[in-house]
Amino acid sequence: EVRLVESGGGLVQPGGSLRLSCAGSGFTLSDYYMDWVRQAPGKGLEWVGRTRNKANSYTTEYAASVKGRFTVFRDDSKNSLYLQMNSLTTEDTAFYYCVRGKNGFDSWGLGTLVTVSS
Amino acid sequence: DIQMTQSPSSLSASIGDRVTITCRASQGIRNSLTWFQQKPGKAPKSLIYDTSSLQSGVPSRFSGSGSGTDFSLTISSLQPEDFATYYCQQYGSYPYTFGGGTKVEMK
């Protein structure tokens, strides 16, 4: 069974940094494109970024709203995905979901809440 | 960026009703369109990918159709567990974008 478990969310001050982790199980992470999607409380979904798989050199794509501030990377030896978030603003407050990019976005984690507030 | 316009934003329906939700892309996305279902406090669940392919384990009352810029999700006979919010998403070009969501409520 495919399972994705996010961690690392919490309260951070504006301008601060946070790193989210996503532990995958039931599949080999290196075979898949992996994404982060976020959802502000009570709002819709927003795609954040992607890392392609090993076969595609782990290249990345980002939404304009996070480009230059957020970095998606992975450690296939740990079957894990990460999201490094810098220069956080209140607009980044959201649930962050780790998603496997197979057949669209076939598997989602439960999400972790990031709150940016002073 | 490709804008995804979903309609209606909400609808009321009864058990057994046929429900259709539409999604329009601001430019062509071939068949790179997926649908999600989200219940309160839960992560989204993938229903349909590549416009019309059913994800494993999803009931056959869900179906998707369309091409180019106009797409739809149909629930052939609404069941109690189908009351939720539904989102479309395009993955034809970056940045990937979502529709605004359709909340399906009980009449």
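Keeping their order, the protein sequence lines are chains A and B. Start counting the first sequence at 25; every next residue gets the next number (the numbering used here). Start counting the second sequence at 20; every next residue gets the next number (the numbering used here). Glycine is no exception: its CB is placed at the ideal position from the N, C-alpha and C atoms. Model, not experiment: these values are computed from the prediction.
Got a sec: is the Cβ-Cβ distance from residue i to anything in chain B below 8 Å?
i, result
"Leu69 (chain A)", "yes"
"Ser127 (chain A)", "Sequence check: residue 127 (chain A) is Asn here, not Ser. Asn127 (chain A) counts as touching chain B."
"Leu134 (chain A)", "yes"
"Tyr120 (chain A)", "no"
"Glu25 (chain A)", "no"
"Asp130 (chain A)", "yes"
"Ala47 (chain A)", "no"
"Ala64 (chain A)", "no"
"Glu115 (chain A)", "no"
Give me the Cα-Cα distance between residue i and residue j, rounded to the nearest whole angstrom.
i, j, result
"Ser45 (chain A)", "Phe81 (chain B)", "33 Å"
"Asp59 (chain A)", "Ile40 (chain B)", "26 Å"
"Phe102 (chain B)", "Ser142 (chain A)", "37 Å"
"Tyr56 (chain A)", "Gly39 (chain A)", "32 Å"
"Thr84 (chain A)", "Glu100 (chain B)", "37 Å"
"Gly41 (chain A)", "Ser111 (chain A)", "Checking the displayed sequence, the identity of residue 41 (chain A) turns out to be Ser instead of Gly. Spanning the two alpha carbons is a distance of roughly 6 Å."
"Val123 (chain A)", "Lys126 (chain B)", "33 Å"
"Ser51 (chain B)", "Asp69 (chain B)", "5 Å"
"Thr52 (chain A)", "Thr88 (chain B)", "34 Å"
"Ser54 (chain A)", "Lys67 (chain A)", "32 Å"
"Asn143 (chain A)", "Glu124 (chain B)", "Look at the range of chain A in this structure, 25 to 142, and you will see that residue 143 (chain A) is not part of it."
"Leu97 (chain B)", "Arg62 (chain A)", "28 Å"
"Cys107 (chain B)", "Pro59 (chain B)", "17 Å"
"Gly128 (chain A)", "Leu66 (chain B)", "10 Å"
"Ser84 (chain B)", "Gln37 (chain A)", "45 Å"
"Ala62 (chain B)", "Thr136 (chain A)", "10 Å"
"Gly119 (chain B)", "Thr53 (chain B)", "14 Å"
"Leu73 (chain B)", "Arg43 (chain B)", "20 Å"
"Thr117 (chain A)", "Asn103 (chain A)", "26 Å"
Helix or strand or just coil, what does DSSP make of residue i?
i, result
"Leu97 (chain B)", "coil"
"Ser79 (chain B)", "coil"
"Ala79 (chain A)", "helix"
"Asp130 (chain A)", "coil"
"Glu25 (chain A)", "coil"
"Leu92 (chain B)", "strand"
"Thr114 (chain A)", "helix"
"Ser41 (chain A)", "coil"
"Asp55 (chain A)", "helix"
"Ser101 (chain A)", "helix"
Would you say residue i reaches chain A, if we count a Cβ-Cβ gap shorter than 8 Å as a contact?
i, result
"Gln56 (chain B)", "no"
"Pro99 (chain B)", "no"
"Ala44 (chain B)", "no"
Can we say the segment 91-110 of chain A touches the segment 32-47 of chain B, given the rule of at least three CB pairs closer than 8 Å? no
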